[in-house]
Structures are given as C-alpha cells and as structure tokens.
Amino acid sequence: MKSRFGIVATLGFTQTLAWASTYYLPAILAVPIARQLGLSPSWIYAGLSLGLGVSAFLGPALGRMIDRYGGRRVICGSNIAFTIGLLMLGACAGPKTLLLAWLVLGVAMAAGLYEPAFAALARLYGHDSRGAITGVTLIAGFASTIGWPTSALLEHKLGWRGTCFAWAILHGLIGLPLNAWCLNQKLNPLPSERFTPAGELADHKKSTDRSMRILAFMFAASGVVSIGMATNLPRLFAVIGASPAAGIAAASLMGPAQVVARILEYSARRRVNPLLSAKVASALHPVAAVVVTLAGAPAASLFAVIHGAGNGMLTIVRGTLPLAIFGPAGYGARIGQLSAPARIGQALAPFAIGLSIDAIGAATLLISAGLSLVAFSSLFLLALPPPRA
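Using this note's numbering, read the sequence shown as starting at 86 and increasing by one per residue.
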C-alpha cells in the first residue's frame, strides 16, 4: 500500500509537469514560434484557446470514466497525448499543423490537468480527499515558477522546437511511469444508493441541478478574472503608472502569494469548511482592486499579493467545494461539467481582459471586481449538507 504522502507528492509533481509544458508554454515560446513560422504571436495564444475549448468539451466524459474506472487510465493517457501533442508542436510548419498540435494538446489537458487529478483523488479517498487535493495544488502551484525559467533555458540552448521535444520526452519517460505507479491503487468504494421516495428524489434532483448551475457560474466568473489577470497583470500595472520593471516585479509576487494561501487553507482545513473558503477567496480580488484604485501604482505589489492569495484558494475550492456539497459519488462527471464553462471562459479571458485594458485602462478593474462580487454573492445561495456521522 502506497502512502498518501507519496501519492500526493507524485501527483503534484506530474501536475507541475503538465501545467508547465502546456498552459505556461506560450508565454515563453509564442514569440520565437511566431517569428520562425511568419505568424503573429496571437496565433500561438489562439492555439491555447482552442486547446482549452477542446478540454471543456471532453471534460464531462473523461470525468465519468474516472468515476467508473479510477484515474489511472485517463491520467496516464494524458501523458501519451501530451507527448504526441508536444512532438507535433515542435514539428509544426505553419498555422494548420500548429492548430492541429493544439487540438491534441487540448485532449491532453482535458485528461491531465487539475480536474481529472481531483476526481482521481476522490475515487481513492472519498470524502477524505480535501487534504490530498490541497496538497496537489500546493505542489503544482510552482508550475509557472519552474516552467517559465525551464522553458526559457531550454529555448536558449535548444531552440523552441527542441524545447517542445524536451517536454515531450519528460512526459513519456517520467510523467507516464510516475502516474502509472501512484494511481495503481485500490479504489475507495462509492456510497451505495439508498431507496428514496419519488417526491424526495425529484426535490433532491432539483436542488442538485440548481447548485450545479450556481457553481458552474461561480467557477466561470472567477476563472475569467483569475486567468485574465494572470496573463495581463504587468500591462495592468503599466496603465496605472508602474514602470515596466516595477510591474513585472510586482506581478511576480502573485505566485508565492498563491502558495502561501494554499498552505494556510491546508492548515485550517479541519476548522474552515470549503464554502467559507470560497467566500473568502472570491472577496479578495475586489479588496485588491479597491486598494490599488485608492493608492495607485505604489500598491501594485499589495494588489498582486491579495489577488494571488484569492486565486490560490480558488484553485483548491474548485476541487473541494463540489466534493463537500455533492459527495464523492459521481464526482468526476460533476467536476467535468462544472469545469466546462470555466475552461471556455479561461480560453476567452486573456483576449477579453487585454482588449479591455487597451480600451478603458485601469477601469478594467471595475469589470473584474464586479465579476468577482457576483461570484461571491452567488455562494450565499449554496448550502453544505449536514455533517456526516
């Protein structure tokens, strides 16, 4: 029997590899790829958006597969798809082959990013998955910190094609064996169905559907803000008066703030329920927006810390709140359905927030804070079930 610590640490490492080699890759390779292929860098970001759209479409089906068989098949399959997609990206010769590579990487992201990992942990540990989910996000929170300099170093030494090939090799030779090892576990038995009168069953389904719609909206709204800010933060700081160097330095604080917030959430997990964590996380971006609006550029670092803390907690909440409300039965399918609108929003967010910054500057914070406040308000329409005996 493998220890829980070993499984969480291994899955956290392979999640770091998955995020670093796809989601965070365009920030380093967009310009050199575009330069050599004679394209605009926006083509590379369009490829990422296409991949996120594919992952939104496939998420529910892959979640149902994890519910039935556990996460080993799906997540190991993601390593194969990551390997193929990255090899295709490294070999692409124009826009068609570029987008085709991102289609394959979209399949890989659907099977290999956070939501499938959360569903795999729910099948292993059932109701007792919150600590494991938090542990994985805590480790994978360093994906950008590790991925960006690694990709930059590889690009400097090997070129952008060699960088893609190197990440592909890491998935095939390290990611795949590690996921196969750590997920080769006996699954936690799901709760058995009990007899429920027809009237109660209809009421329960109506309540579940309502909660699903609320959660899907909340995850989509908060996802637009978190991804839109993450990809445009230095530009936002520039329009409020920060120098380029100061803006980049301030934005770099977001990653450590996410990790610290996740450590605090992990420490308080037995005393603070996921719904309260979600409310706190959703409220932090509007607080950060008020601070930087009142204080201007000198408060850019404080904005990055407050916003980053909320973003770090929201990543955990996306896994733990559906588990707390609905339980582990059918968790994979549910989290796949909940993630679909969020992935679509994330695909559009970098472009939409960037366009808003170009058009209205710092007033973009009114839009982002408004979305966060609506997401925050929607959480008051949810309730956790009574504590289990």
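All residues carry an ideal CB built from backbone N, CA and C; glycine is no exception.
| Query | Result |
| --- | --- |
| Rounded to the nearest angstrom, what separates S106 and F461 at their Cα positions? | 32 Å |
| Runs of 4 residues minimum, wholly inside the stretch 328-362: which ones carry the alpha helix (DSSP H) assignment? | 329-336 and 339-352 |
| L198 and S307: beta carbons closer than 9 Å? | no |
| Let me know the secondary structure DSSP gives K181 once reduced to three states. | helix |
| Please give the ranges of any alpha helix (DSSP H) in the stretch 120-188, keeping only runs that are unbroken, at least 4 residues long and fully inside the region. | 127-154 and 157-176 |
| For S441, count neighbouring C-beta atoms within 10 Å of its own C-beta (all shown protein chains included) and say buried if the count is 16 or more, exposed if not. | buried |
| Residues in its own chain within less than 6 Å of A346 by CB, not counting five upstream and five downstream? | A394, G397 and M398 |
| Using the beta-carbon count (16 or more within 10 Å), is Q121 buried or exposed? | exposed |
| According to DSSP, simplified to helix, strand and coil, what is L467? | coil |
| Would you check if the distance between the CB atom of F167 and the CB atom of A193 is smaller than 9 Å? | yes |
| For the stretch 209-228 against the stretch 157-167, are there 3 or more C-beta pairs whose distance is under 8 Å? | no |
| For the structure I just gave you, are there three or more beta carbon pairs, one from the stretch 224-243 and one from the stretch 355-371, closer than 8 Å? | no |
| Check whether the stretch 295-314 and the stretch 416-430 are in contact - that is, three or more C-beta pairs closer than 8 Å. | yes |
| Okay, do the stretch 138-158 and the stretch 402-419 touch, 3+ Cβ pairs below 8 Å being the bar? | yes |
| Contact defined as beta carbons within less than 8 Å: I believe L321 pairs with T449. What is the distance between those atoms, to the nearest angstrom? | 7 Å |
| So G170 and L137 are in contact, right, with Cβ under 8 Å, and what is the actual spacing, rounded? | Going by Cβ atoms, the distance from G170 to L137 rounds to 13 Å, so no, they are not a contact pair. |
| Since I believe L423 is in contact with A334 (beta carbons under 8 Å), could you give me their beta-carbon distance rounded to a whole number of angstroms? | About 35 Å; that fails the 8 Å criterion. |
| How about T99 and T219: do their beta carbons lie closer than 9 Å? | no |
| Does DSSP put A323 in a helix, a strand or coil? | helix |
| Following the continuous alpha helix (DSSP H) through Q431, name the residue where it begins and the one where it ends. | Y416 to I445 |
| Kindly indicate which residue of L360, A385, P435 and I224 has the alpha-carbon position closest to the one of L464. | L360 |
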